[in-house]
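*Asks:* Before we start, here is the structure in question, set down as structure tokens.
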Amino acid sequence: MSTGRSAVSMPSMLLYLPISFIFALEREFALASGNFSNQLKIVLAGELISFLFLHISSLTVLRNRKIKQQSLFLCIFVWATTGVIRGFFAEFYATSILELDSHASLRIAVSVMFSTIGLAFAAYSFGSIYELETKKEALRSLNGFISSENIGLNSEQIAMKEEAIITLQQTLIPKVIQLQRLTAGLKKYELSQPLALALFSLEEQAHRLVYQMRVNLDNLESIPNPRSGVVSRIFSSSRTTLNLWPNLLSVKLSFFFLSIGGVVVQFGRNTFAGAMCSLIGSVGSLVILVFFDRNVKRAVKSRGSILVAAAYISIFILQYFYSSRLVPYLFDLAQPFDPWYSAVKITFAVYLASLFISFLKEDAILLQTMSNESTNSRVILDLKSSKNELLDVVNTTTNQGELQGHISGVIMALNLLTKDEDTFLSSRDPSGIINNANTLLSNAIAEIQNLSVKDLLN
Numbered sequence: 369m370s371t372g373r374s375a376v377s378m379p380s381m382l383l384y385l386p387i388s389f390i391f392a393l394e395r396e397f398a399l400a401s402g403n404f405s406n407q408l409k410i411v412l413a414g415e416l417i418s419f420l421f422l423h424i425s426s427l428t429v430l431r432n433r434k435i436k437q438q439s440l441f442l443c444i445f446v447w448a449t450t451g452v453i454r455g456f457f458a459e460f461y462a463t464s465i466l467e468l469d470s471h472a473s474l475r476i477a478v479s480v481m482f483s484t485i486g487l488a489f490a491a492y493s494f495g496s497i498y499e500l501e502t503k504k505e506a507l508r509s510l511n512g513f514i515s516s517e518n519i520g521l522n523s524e525q526i527a528m529k530e531e532a533i534i535t536l537q538q539t540l541i542p543k544v545i546q547l548q549r550l551t552a553g554l555k556k557y558e559l560s561q562p563l564a565l566a567l568f569s570l571e572e573q574a575h576r577l578v579y580q581m582r583v584n585l586d587n588l589e590s591i592p593n594p595r596s597g598v599v600s601r602i603f604s605s606s607r608t609t610l611n612l613w614p615n616l617l618s619v620k621l622s623f624f625f626l627s628i629g630g631v632v633v634q635f636g637r638n639t640f641a642g643a644m645c646s647l648i649g650s651v652g653s654l655v656i657l658v659f660f661d662r663n664v665k666r667a668v669k670s671r672g673s674i675l676v677a678a679a680y681i682s683i684f685i686l687q688y689f690y691s692s693r694l695v696p697y698l699f700d701l702a703q704p705f706d707p708w709y710s711a712v713k714i715t716f717a718v719y720l721a722s723l724f725i726s727f728l729k730e731d732a733i734l735l736q737t738m739s740n741e742s743t744n745s746r747v748i749l750d751l752k753s754s755k756n757e758l759l760d761v762v763n764t765t766t767n768q769g770e771l772q773g774h775i776s777g778v779i780m781a782l783n784l785l786t787k788d789e790d791t792f793l794s795s796r797d798p799s800g801i802i803n804n805a806n807t808l809l810s811n812a813i814a815e816i817q818n819l820s821v822k823d824l825l826n
């Protein structure tokens with residue numbers, strides 16, 4: 369993501385420029401010592417021209433960065449060139465305008481190192497944040513679609529459930545009751561034993577059909593109406609709130625800040641001796657960070673904040689002792705930092721690194737929570753869709769399927785037998801009609817049992 373839209377962006381420049389300004393001012397305290405006004409002018413000359421170059425680069429060579437990833441080498445070239453311009457114009461203003469001593473190689477080398485590393489880190493930082501925000505926005509859009517689909521499926525389910533209940537109550541059950549009455553009406557005739565057995569079987573089938581119909585009706589009426597669904601506050605919240613007190617310690621990023629940043633700054637003031645001095649101090653801070661980081665991870669949340677504070681205090685004390693006692697003994701620095709300033713700056717760098725990592729971690733946790741919520745919502749949506757398909761099958765079967773035809777066929781046959789008494793008095797045996805009616809009722813019972821209305825209760 370660091371070679372995309374955030375390779376050169378206003379947020380990344382706003383993060384980079386203040387730190388760049390302070391580091392450049394520290395450099396000029398050593399290279400153009402004596403007059404703060406001159407130091408400020410030299411720094412501003414380099415910073416303003418380099419900012420203009422970055423802006424021009426964003427409109428020209430990196431203009432497509434918002435559409436597609438740019439070449440890493442192109443981004444590094446722009447970042448390094450920014451450092452060259454920054455150092456060159458600082459040198460130009462110092463020597464040509466203020467007529468001070470030249471330190472061209474040192475100014476340009478330090479500026480190139482800092483600008484390349486600083487702009488790369490700023491691009492990575494905001495690229496990571498933008499990537500998380502993009503994924504969260506995609507999940508919010510998906511959740512909006514799921515919510516809309518959920519409302520539609522709920523309305524559809526309620527309507528189909530009511531239709532199925534009405535069909536059973538007003539159409540099928542009355543028909544089966546009519547069928548029972550017709551079956552009972554045939555008992556008044558003198559029947560042969562085979563015919564009586566067939567009629568008894570028909571009556572039993574009718575009772576079974578009524579029972580199965582009522583079971584399905586009870587199951588349908590027991591189906592709870594779907595809940596509209598409450599929109600999770602996770603999706604309605606805007607962005608992760610930046611907690612000004614980190615809840616963890618950043619070991620790797622802090623060491624990166626202290627070692628690389630310290631080397632660049634100290635090299636600009638005290639060349640190789642300053643760089644070595646910074647590295648040794650960074651290792652000492654690393655030991656403290658590793659120790660407290662392990663304890664913070666094992667501690668409860670309330671105690672963790674105390675341990676984080678203890679880590680900052682320990683780093684401050686160590687760096688003050690190192691700068692005031694060990695550095696003068698171990699190194700012969702031309703421009704050493706004030707021990708108080710050095711300790712505060714290093715502690716603040718650790719704080720910023722921990723703050724950034726804490727923010728990214730909380731944002732990543734929020735993203736994971738949103739992803740889990742979205743997955744659960746899709747599962748619920750699939751279940752509702754499956755229920756609606758079952759209800760649609762129930763309605764199709766009861767309204768337009770063979771079930772209606774089977775029951776109507778039996779009723780028609782029994783009506784003919786009931787109204788035409790000659791059928792029973794003539795030599796023609798009506799047992800064939802009764803047996804066919806039994807077959808139709810058996811098929812009707814099988815169909816009503818296959819509706820799987822009970823599955824809708826799950």
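At position 31 of the sequence shown (counting the first as 1) the number is 399 in the numbering used here, and the numbers step up by one without a gap.
Glycine is no exception: its CB is placed at the ideal position from the N, C-alpha and C atoms.
#1: Using three-state DSSP, classify residue 469 as helix, strand or coil.
#2: Note down the Cα distance separating residue 623 from residue 500, rounded to an integer number of angstroms.
#3: Would you call the segment 686-704 in contact with the segment 662-671, where contact means no fewer than 3 C-beta pairs closer than 8 Å?
#4: Quick check on DSSP: helix, strand or coil for residue 810?
#5: Comparing C-alpha positions only, which one of 457, 427 and 640 sits nearest to residue 326?
#6: If you draw a straight line from the alpha carbon of residue 757 to that of residue 767, how long is it in whole angstroms?
#7: Taking contact to mean at least 3 C-beta pairs separated by less than 8 Å, is the segment 460-467 in contact with the segment 427-439?
#8: Would you identify the three-state DSSP class for residue 431, choosing helix, strand or coil?
#9: Rank 669, 630 and 467 by C-alpha distance to the C-alpha of residue 478 and give the top, closest one.
#10: Throw me the rounded Cβ distance for the residue 806 and residue 569 pair, which I believe falls under 8 Å.
#11: Using the rule of at least 16 other Cβ atoms within 10 Å of the residue's Cβ for burial, across every protein chain shown, is residue 719 buried or exposed?
#12: Would you kindly check if the distance between the Cβ of residue 443 and the Cβ of residue 490 is under 8 Å?
#13: Looking at C-alpha atoms only, which residue of 635, 726 and 803 is the closest neighbour of residue 701?
#14: So what's residue 421 in DSSP terms, helix, strand or just coil?
#15: With residue 591 as the anchor, note down where its alpha helix (DSSP H) starts and where it stops.
#16: In whole angstroms, what is the alpha-carbon distance linking residue 650 and residue 621?
#17: List the endpoints of the continuous alpha helix (DSSP H) containing residue 828.
#18: Are the segment 519-532 and the segment 745-756 in contact at 8 Å, needing three or more beta carbon pairs?
#19: Does the distance from the CB of residue 484 to the CB of residue 451 come in under 8 Å?
#20: Less than 8 Å between the beta carbons of residue 397 and residue 482, yes or no?
#21: Is the CB-CB distance between residue 578 and residue 533 below 8 Å?
#22: Hey, residue 839 and residue 458 are a contact pair by Cβ (cut 8 Å); roughly how many whole angstroms apart?
#23: Taking the alpha-carbon of residue 552 as reference, which of 818, 779 and 810 has the nearest alpha-carbon?
#24: Do you know offhand how far residue 417's Cα is from residue 453's?
#25: Take residue 772 and list the residues in its own chain whose beta-carbon comes closer than 6 Å to its own, dropping the five residues that flank it on each side.
#26: In the DSSP assignment, find the alpha helix (DSSP H) that holds residue 615 and state where it starts and stops.
*Replies:* Let me lay it out:
#1: Locating residue 469 in the sequence shown gives position 101, counting from the first residue. It is coil, neither helix nor strand.
#2: As a working mapping, residue 623 is identified with position 255 in the sequence shown. As a working mapping, residue 500 is identified with position 132 in the sequence shown. Taking the straight line joining both Cα atoms gives about 24 Å.
#3: no
#4: Residue 810 sits at position 442 when you count from the first residue of the sequence shown. Residue state, collapsed to three classes: helix.
#5: The chain is shown from 369 up to 826; residue 326 falls before or after that span and cannot be answered.
#6: For the purposes of this step, residue 757 is identified with residue 389 of the sequence shown, where counting begins at 1. For the purposes of this step, residue 767 is identified with residue 399 of the sequence shown, where counting begins at 1. Each residue's alpha carbon lies about 15 Å from the other.
#7: no
#8: Looking up residue 431 in the sequence shown gives position 63. Residue 431 falls in the coil class under three-state DSSP.
#9: Counting from 1 along the sequence shown, the entry for residue 478 is found at position 110. The option with the nearest alpha carbon to residue 478 is 630.
#10: As a position in the sequence shown, residue 806 is number 438, starting the count at 1. As a position in the sequence shown, residue 569 is number 201, starting the count at 1. With a Cβ gap of about 5 Å, residue 806 and residue 569 count as contacting.
#11: Here residue 719 is taken as the residue at index 351 of the sequence shown, counted from 1. Label assigned to residue 719: buried.
#12: Position 122 of the sequence shown, counted from the start, is the residue given in the question as residue 490. Position 75 of the sequence shown, counted from the start, is the residue given in the question as residue 443. Result no, Cβ atoms of residue 490 and residue 443 do not sit closer than 8 Å.
#13: By 1-based counting over the sequence shown, the position of residue 701 is 333. Among 635, 726 and 803, the Cα nearest to that of residue 701 is on 635.
#14: Residue mapping note: residue 421 aligns to position 53 of the sequence shown, counting from 1. Looking at residue 421 - three-state DSSP - the assignment turns out to be helix.
#15: One-based indexing of the sequence shown puts residue 591 at position 223. Residue 591 -> no alpha helix (DSSP H), and no H or E assigned at all.
#16: Locating residue 650 in the sequence shown gives position 282, counting from the first residue. Locating residue 621 in the sequence shown gives position 253, counting from the first residue. If you take the alpha carbons of residue 650 and residue 621, they lie about 12 Å apart.
#17: Past the edges of the chain, shown from 369 to 826, lies residue 828, and the structure says nothing about it.
#18: yes
#19: Within the sequence shown, numbered from 1, the residue matching residue 484 stands at position 116. Within the sequence shown, numbered from 1, the residue matching residue 451 stands at position 83. Yes; because the gap between Cβ atoms is below 8 Å, this pair is in contact.
#20: As a first step, residue 397 is located in the sequence shown; it is residue number 29 there, counting from the start. As a first step, residue 482 is located in the sequence shown; it is residue number 114 there, counting from the start. Contact: no.
#21: Walking along the sequence shown from the start, residue 578 turns up at place 210. Walking along the sequence shown from the start, residue 533 turns up at place 165. No.
#22: Nothing about residue 839 can be reported from this structure: the residues present for the chain run from 369 to 826 only.
#23: One-based indexing of the sequence shown puts residue 552 at position 184. Of the listed residues, the one whose Cα sits closest to residue 552 is 779.
#24: Taking the sequence shown and counting its residues from 1, one reaches residue 417 at position 49. Taking the sequence shown and counting its residues from 1, one reaches residue 453 at position 85. Between residue 417 and residue 453, the C-alpha separation is close to 7 Å.
#25: Against the sequence shown, residue 772 aligns to sequence position 404. Within the same chain, residue 772 has no close Cβ partners at all.
#26: Here residue 615 refers to the residue found at position 247 when the sequence shown is read from its first residue. Here residue 615 belongs to no alpha helix (DSSP H), and DSSP marks it neither H nor E.
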